[in-house]
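For the sequence shown, full-length UniProt numbering puts the final residue at 250, and the numbers step up evenly by one. Positions of the beta carbon are idealized from the N, C-alpha and C atoms, including for glycine. All values reported here derive from a predicted model rather than from experimental measurement.
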Amino acid sequence: MNRQSMLAGLISAALTSIEHVTAAEPVFDLQAFSSEGAAVDVSRFSRYDLISPGTHLMEIIVNGQPMGRREVTFMTPDAQADAVPCVDRDLLLQLGVAPERIGTLLTASECPALEDWLPAATSRVDAAALEWAVSLPQVYVKQLPRGFIDPSYWDEGIDAGLLNYTFSTTRMTAGAGTDRAYLGLNAGLNLGRWRCGTKARRPGIRRPASRPIKTPRPLRNAASQCGRRSCASATVSAAGRSWKAYAYGA
């Protein structure tokens, strides 16, 4: 009976030690990198979540929503501490914090942390993926439509020419028979801040033993696509065809 109790106690102690080792943070053995060559500081590789001081291009995620890539500066508050992201007012605005919710720093520091501005906010850095996940209370977040992109991050795009066409034809054999055809052309040119384009449509109906009847249809108002101060549009109709051209810039 005593032998069985002793065996049960040993098994229980072994399982407890295994669970304790499994729950511990992974730490790499630095002796595996030791060599007789020049001394190299590899201590930052002992933990997977460490990031070196400096400026890194980080993928920022706020409340589970990707916010794009931004340059974030990391510094060590003291010699023994890990590098932490330095947060200033501009970075808070990029994170989507409402300007009226940004108060004053709780502590004076060369590298203020996110918690120094917003005590209820938290963040986590994934050094391997260069990802910075930030959790902000909704009371601090600026209310914007889903998918909104700040105009300050817009660019002019690339210079390009655009050409698109649509052509269809049908034939009806009932009665005298009718052939119908439709041709639409859309062309455009993007040059710098200017967007120039033209739209042309030509519907037609042909009946046997008769002249073609061409009926132009009214076009959409291309000026509605402008929405800018520098905008011009024109419509030309001739020989049963209509063209509408527009151009706008910044």
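Reference residue i; option with closest CA among the options
i: P53; options: A81, E59, N63 and G68; result: A81
i: E115; options: S152, L92, E131 and M67; result: L92
i: R69; options: I51, S152 and W132; result: W132
i: G157; options: V134, N190 and A129; result: N190
i: I102; options: P137, E110 and E59; result: P137
i: Y182; options: R193, R195 and T166; result: T166
i: A127; options: L162, V72 and W117; result: V72
i: Q65; options: L95, M75, L57 and I51; result: L95
i: A160; options: G175, G177, W194 and P151; result: W194
Distance, residue j Cα to residue i Cα
i: A121; j: W154; result: 28 Å
i: K142; j: V134; result: 15 Å
i: E59; j: V87; result: 15 Å
i: D90; j: G192; result: 28 Å
i: M67; j: I61; result: 6 Å
i: H56; j: L162; result: 38 Å
i: F74; j: L130; result: 12 Å
i: N164; j: P203; result: 17 Å
i: S152; j: S123; result: 25 Å
i: N63; j: I51; result: 22 Å
i: P119; j: A83; result: 19 Å
i: Y140; j: A108; result: 21 Å
i: V97; j: E110; result: 21 Å
Whether residue i touches residue j by CB criterion (8 Å)
i: V125; j: P77; result: no
i: P99; j: L105; result: no
Minimum Cβ-Cβ distance from residue i to chain D less than 8 Å
i: E131; result: No chain D appears in the structure shown, which is made up of a single protein chain.
Do the region 194-203 and the region 175-186 touch if we need at least three Cβ pairs shorter than 8 Å? yes
Is there contact between the region 140-148 and the region 163-173, where contact requires at least three CB pairs shorter than 8 Å? no
Counting only runs that start and end within the region 138-189, where is the beta strand (DSSP E) found for 3 or more residues in a row? 160-172
Quick one: complete beta strand (DSSP E) runs, 3+ long, within the region 64-120? 65-75
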